[in-house]
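Participant: Before I ask anything, here is the structure I am working with.
There are 2 protein chains.
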Amino acid sequence: MTDTGADPDGDTDTDTEHATDEALKALAEPRRRAILRLVAHEELPAGRIAEEFEVSRTAVSQHLGVLKAAGLLHERRDGTRRLYRARPEGLVGLQSFLDQMWAGSLDTARRLVEAERGISDDDQAATAG
Amino acid sequence: MTDTGADPDGDTDTDTEHATDEALKALAEPRRRAILRLVAHEELPAGRIAEEFEVSRTAVSQHLGVLKAAGLLHERRDGTRRLYRARPEGLVGLQSFLDQMWAGSLDTARRLVEAERGISDDDQAATAG
DNA sequence: TGAATCTGTCAGTAGACGCTAACGGAAGCA
DNA sequence: TGCTTCCGTTAGCGTCTACTGACAGATTCA
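If you read the protein sequences in the order shown, they are chains R and H. So for the first sequence, the numbering used here puts the first residue at 1; every next one is plus one. So for the second sequence, the numbering used here puts the first residue at 1; every next one is plus one.
Laid out in structure tokens, this is it:
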């Protein structure tokens, strides 16, 4: 067991990791993505959101709770109604995570392809370069 | 039931949705993200990856299968070993999804804030005037 | 005050998911 | 050929999760 980077105990990264984890788990559900899409362009009350789906209002309410807990939803009260809209800030951590992953894997892929080409082409030049 | 945008039956969007769904479900697991991070910077065999975690090799193998099915992993055979590395192309759909969501919600948030400010401004002006 | 509306919360259930142990297949070596 | 290594697959189990139905709190209006 070496746990090089598998289970880091960093302090600053832990919060980001936790936020990313919650956001990803929230987005992993198709219904929740549909809800997020609905409230991405306009503010809507819970009942209006529930009407868009065939599942019960209870299920939608729970989905709203998950999205809210993940920081992906903004809630505003208006009388008996509760208006929801997407919260773009909740996607920041996820964006940076994907960017980092993208850059790293893209760089690795490029390097491996070049190495492969170098080996098949001329390994002497590869070792010399 | 109106299903305006909750359950679209589009043709071109369905594939993208499916790919995004699989990628998100794959990334929603912390262990799979750790695996992806490991092979983002270097190509590694399955056994080497399994050593980094306390769970059994079986579990890691299943995680590798999920990541591979989601198009996030590239597999290459070398004798008895199977080498894995992250596949950046698998993140494209997810990136565009997040970009779209980000742009839409950010625009909405800005518009709502401006409207709110306008209302409160208008309100004070109307009540004062 | 009482009725109606809008919404969240609390048990309970069916299905999905991650994990382990046991097994089977493919490749390398004496 | 027989042994070993490396790896994926299957069956089974415990846990998590999305869902439904029933109930409770908050607000508005007559």
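Ideal Cβ positions, reconstructed from N, Cα and C, are used throughout, including at glycine.
Once DSSP output is grouped into helix, strand and coil, what is the label at A130 (chain R)?
Facilitator: With chain R covering only 1 through 129, there is no way to say anything about residue 130 (chain R).
Participant: If we count the other Cβ atoms within 10 Å of its Cβ and call it buried at 16 or more, is R32 (chain H) buried or exposed?
Facilitator: Per the 10 Å Cβ criterion, buried.
Participant: With DSSP as the reference, label E75 (chain H) as helix, strand or coil.
Facilitator: DSSP places E75 (chain H) in strand when its eight states are reduced to three.
Participant: In terms of residue numbering, what span does the alpha helix (DSSP H) encompassing S56 (chain H) cover?
Facilitator: Per DSSP, S56 (chain H) belongs to no alpha helix (DSSP H) and is neither H nor E.
Participant: Are the C-beta atoms of G10 (chain H) and some chain R residue less than 8 Å apart?
Facilitator: Only weak support is given to the placement of G10 (chain H): the predicted model assigns it a pLDDT of 38, under 50, and the value that follows is read from those uncertain coordinates. Not closer than 8 Å to any Cβ of chain R, the Cβ of G10 (chain H) fails to qualify, so no.
Participant: Would you mind telling me which residues of chain R sit closer than 9 Å to R85 (chain H), beta carbon to beta carbon, in chain order?
Facilitator: What R85 (chain H) touches in chain R: S105, T108, A109, L112.
Participant: What is the rounded straight-line gap between the Cα of E42 (chain R) and the Cα of R111 (chain H)?
Facilitator: The alpha-carbon atoms of E42 (chain R) and R111 (chain H) are separated by roughly 10 Å.
Participant: Buried or exposed: which applies to H18 (chain R), given that a residue is buried once 16 or more other Cβ atoms fall within 10 Å of its Cβ?
Facilitator: Per the 10 Å Cβ criterion, exposed.
Participant: How would you call S56 (chain H), buried or exposed, if buried means at least 16 neighbouring beta carbons within 10 angstroms?
Facilitator: S56 (chain H) should be labelled exposed.
Participant: What residues match up with L132 (chain R) in a beta bridge as DSSP calls it?
Facilitator: A question about residue 132 (chain R) goes unanswered here, because the residues of chain R that appear run from 1 up to 129.
Participant: Counting only beta-carbon atoms, is L44 (chain R) nearer than 8 Å to chain H?
Facilitator: Judged by the 8 Å Cβ criterion, L44 (chain R) is not in contact with chain H.
Participant: From L106 (chain R) to F97 (chain R), what distance separates their C-alpha atoms?
Facilitator: If I take the Cα positions, the gap works out to 14 Å.
Participant: Is there at least one Cβ from chain H nearer than 8 Å to Q62 (chain R)'s Cβ?
Facilitator: No, Q62 (chain R) lies away from the interface with chain H (no Cβ there is under 8 Å from its Cβ).
Participant: Against chain R, with Cβ distances strictly below 8 Å, would A69 (chain H) count as a contact?
Facilitator: Chain R, which has no Cβ nearer than 8 Å to the Cβ of A69 (chain H), makes this no.
Participant: Under a Cβ-count criterion, where at least 16 other Cβ atoms within 10 Å of its own Cβ denotes burial, should V113 (chain R) be classed as buried or exposed?
Facilitator: It is exposed - the Cβ of V113 (chain R) has fewer than 16 other Cβ atoms within 10 Å.
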